[in-house]
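Here's the structure, in structure tokens; my notes come after.
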Amino acid sequence: MQNKLYSGLQPSNNTHAYWGPSPSQPFSHNQLNGPNNGTSPMEGETHPLAVPVPNRNAKSPPKSNNTHAYWGPSPSQPFSHNQLNGSKNGASLMEGETHPLAVPVPHRNAKSKPKRNRRVLIFSSAASLFVLFGALFLVTQFISRSSHNVTLYQVNVQNVTQNVGGGGIVFPLQQLAVTYPESEQAVSVLVHAGDTVWPNQPLIQLDNKQLNIQIKQAADDVSAAQAYLNSVSASGSAVAIAQAQQQYDLAKNRYNSLVAQASSLTLHRGNLVAPMGGVVTEVDINPGQAFAANTPLLTIMDESSVIVHVKIPLADLNQVHIGQSAEVTPSALPNINLTGQVSSIIPQADPQTDTFEVWVKIPNADKNLLPGMSAFVRIQSSSRAFVVPRLAVLNTDRDSSVFVVRNEHAYLQRVHIIGRSISSLYIDAGLSSHDDVVLVGSYQLHDGEQVHAVRVEKYISD
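Numbers 39 to 500, taken from the working numbering, label the letters of the sequence shown in order.
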């Protein structure tokens with residue numbers, strides 16, 4: 039039988055020697071006292087084949103990180119008893135001795151302290167960096183949420199020139215319908231539509247006989263009323279005198295009216311004449327036709343100047359004044375721009391279009407504008423206002439507002455717009471000089487939010 043030497047524990051107070059090839063197979067008494075040994079080992083002696091085995095009742099010593107010698111090329115291939123006590127060695131190894139071929143092998147349960155410390159240090163550093171970057175991220179997010187980055191624009195009062203415009207219809211400066219206050223008959227019509235006439239030019243020939251008869255009859259009525267008044271006055275009755283006086287006054291007024299017509303500017307030698315110069319636009323009487331009193335017989339229009347009745351938005355009411363210069367462009371002649379002047383402002387609003395009417399007088403010597411034509415009018419207005427970029431104004435058409443920044447907080451402020459250009463709006467109320475308004479970033483803000491100004495612009499030109 040080939041016996042192996044088991045080692046790995048040094049004998050101590052907690053171990054007892056059990057002689058045999060293994061703790062579970064101890065040598066018998068005869069085997070121990072055989073011829074190879076001669077005598078049995080005495081108490082305290084160590085047999086060459088003794089295997090120190092821990093006492094089952096004894097507590098195991100604490101494990102350590104120290105290495106233990108396992109006799110052999112490797113722990114899995116230990117030397118046999120004969121190999122350890124062969125001819126090369128001459129004698130068996132004693133307890134505590136180290137064989138020349140022994141390989142010290144680390145204990146399987148042992149751990150390297152330097153490696154463990156290094157791993158702990160790396161893990162702690164990584165954890166610290168993670169916590170640091172996490173805190174940095176949270177702080178950045180908190181700052182970005184609590185304070186918006188915005189670009190500001192500093193407003194100032196400036197002189198602005200703007201055009202207040204609207205469309206309108208061309209009307210003649212003056213147009214007159216020619217009438218006669220009495221019933222009469224037209225003997226002949228001396229003009230036609232489209233004719234140019236001058237003041238006091240004969241237009242219609244009337245029957246003078248009728249007018250003379252009416253004047254003679256009125257004179258007779260006056261004489262009769264005068265005689266009756268004289269006779270009543272002699273009787274002394276107050277009521278009769280008052281009635282007679284009233285009849286006389288009526289007859290006298292009738293006579294004076296007829297005489298005035300016969301000598302008026304519209305009637306000369308029995309002819310109805312033009313009260314002004316212009317163009318005859320309508321003729322409503324024919325030769326030999328009788329007409330009633332105050333019936334329009336023809337129409338004369340003055341074309342030397344025209345008036346454009348313009349519809350201007352009510353929002354621009356304060357920008358229009360009498361005497362302002364205006365530029366008029368006929369719709370049928372877009373390449374022609376005529377200069378006019380505001381002559382009247384009609385103080386009445388059109389509820390259907392939210393506009394008011396302005397009259398612009400334009401010289402029309404070249405006859406470029408005809409009554410009934412449509413035209414667009416631009417009225418030049420100069421005023422002082424805050425010029426704000428369109429980008430900074432919320433709701434530019436109605437209920438306009440801006441964010442004004444004070445003490446790093448943005449406050450919503452209502453403003454009143456009086457005009458506009460391509461890229462700017464003109465504001466006359468709601469702002470103060472040197473106010474900082476939010477130019478970029480206003481659509482993400484709420485009233486009173488904290489902001490961070492990354493840039494301030496002071497002037498933007500169109």
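Glycine included, C-beta positions come from ideal geometry on N, C-alpha and C. Note that this is a predicted model, so its numbers are computed, not measured.
Item: Taking 6 Å as the limit between beta carbons, can you name the residues of its chain near LYS149, skipping five residues before and five after?; Value: Confidence in LYS149 is poor, its pLDDT being 49 and thus under 50, which makes the residue's placement unreliable; the coordinate value appears in the next sentence. Once the five neighbours on either side are set aside, LYS149 has no close Cβ partner at all.
Item: Considering only residues of the same chain and omitting the five flanking positions on each side of GLN482, which have a CB-CB separation below 8 Å?; Value: HIS186
Item: Would you call the segment 348 to 359 and the segment 235 to 254 in contact, with 3 or more CB pairs under 8 Å?; Value: no
Item: Let me make sure I understand the geometry here. Which of GLY457, ASN433 and ALA423 has the alpha-carbon closest to that of HIS472?; Value: ALA423
Item: Classify PRO210 as buried or exposed, calling it buried when 16 or more other Cβ atoms lie within 10 Å of its own Cβ.; Value: buried
Item: Could you check if HIS484 is buried or exposed, using at least 16 other CB atoms within 10 Å of its CB as the buried criterion?; Value: exposed
Item: Applying the criterion that 16 or more other CB atoms from any shown protein chain within 10 Å of the CB defines a buried residue, is PRO368 buried or exposed?; Value: buried
Item: Which whole-angstrom value describes the C-beta separation of GLN223 and GLN255, a residue pair presumed to lie in contact below a C-beta threshold of 8 Å?; Value: So it is not a contact: roughly 17 Å between Cβ atoms.
Item: Which residues in the same chain have their Cβ closer than 8 Å to the Cβ of PHE329, if we skip the five residues on either side of it in sequence?; Value: TYR218, SER221, GLU222, GLN223, ALA224, ILE323 and LEU335
Item: Name the DSSP beta bridge partners of TRP397, please?; Value: HIS347 and SER382
Item: Going straight from the alpha carbon of ARG493 to that of PHE441, what length do you get?; Value: 15 Å
Item: Does the distance from the CB of VAL478 to the CB of VAL398 come in under 8 Å?; Value: no
Item: List the whole-angstrom C-beta distance separating GLY410 from TYR449, where the pair is believed to meet the contact cut-off of C-beta under 8 Å.; Value: About 53 Å separates the two Cβ atoms, so there is no contact after all.
Item: Is the separation between the beta-carbon of GLN243 and that of ASN309 shorter than 8 Å?; Value: yes
Item: For the alpha helix (DSSP H) that GLN357 lies in, which residues bound it at each end?; Value: Neither: GLN357 is in no alpha helix (DSSP H) and is coded neither H nor E.
Item: On a CA-only basis, which of ILE417, GLN386 and ALA413 is nearest ASN373? Give me that one, please.; Value: ALA413
Item: Could you check the C-alpha separation between LEU376 and ARG458 for me, to the nearest Å?; Value: 23 Å
Item: For SER102, I'd like the list of residues in its chain whose CB is within less than 7 Å of its CB, leaving aside the five on either flank, ordered along the chain.; Value: Only weak support is given to the placement of SER102: the predicted model assigns it a pLDDT of 46, under 50, and the question is left unresolved by the model.
Item: Between which residues of its own chain and ASN74 is the CB-CB distance below 6 Å, once the five residues before and five after are set aside?; Value: Unreliable placement is indicated for ASN74, whose pLDDT of 46 sits below 50; no coordinate value is reported for it.
Item: Under 8 Å between the Cβ atoms of LEU463 and ARG416?; Value: no
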